[in-house]
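For the sequence shown, our numbering begins at -1 and goes up steadily by one. Here the structure is laid out as structure tokens; the discussion comes afterwards.
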Amino acid sequence: MRASGLAGPGTRRKGQQVPTGTVKWFNDEKGFGFITPDEGDRDLFVHYSGIDGQGFKSLAENSKVEYEEETGDKGPKAVNVRLI
């Protein structure tokens, strides 16, 4: 088995923590939804373009994810979203 060199879930290179959360809901037709952070009280907007991967991008309700947080036009949003 080959090592990928990637950090495991919830970790980032140089010891920085990557935020994790749970998909609250995601509408495939509209291409967006919300993630409830494991830490914090404000849900994060997530657009399909912020999901890592190729092809059709979607998130199943109640899936555990890790992400990076940015400030969008209407508040916090999740980008670089990955299933864990």
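Built from N, CA and C at the ideal position, the CB exists for glycine as well.
- Counting the other CB atoms within 10 Å of its CB gives E64 a total of 16 or more, which places it among the buried residues.
- Ranked by Cα distance from G31, the options N78, G38 and L57 are led by L57.
- Between the alpha carbons of Q52 and N78 lies a gap of roughly 12 Å.
- G48 sits in a helix when the DSSP states are folded into three classes.
- Residue state for N25 is assigned as strand, using DSSP reduced to three classes.
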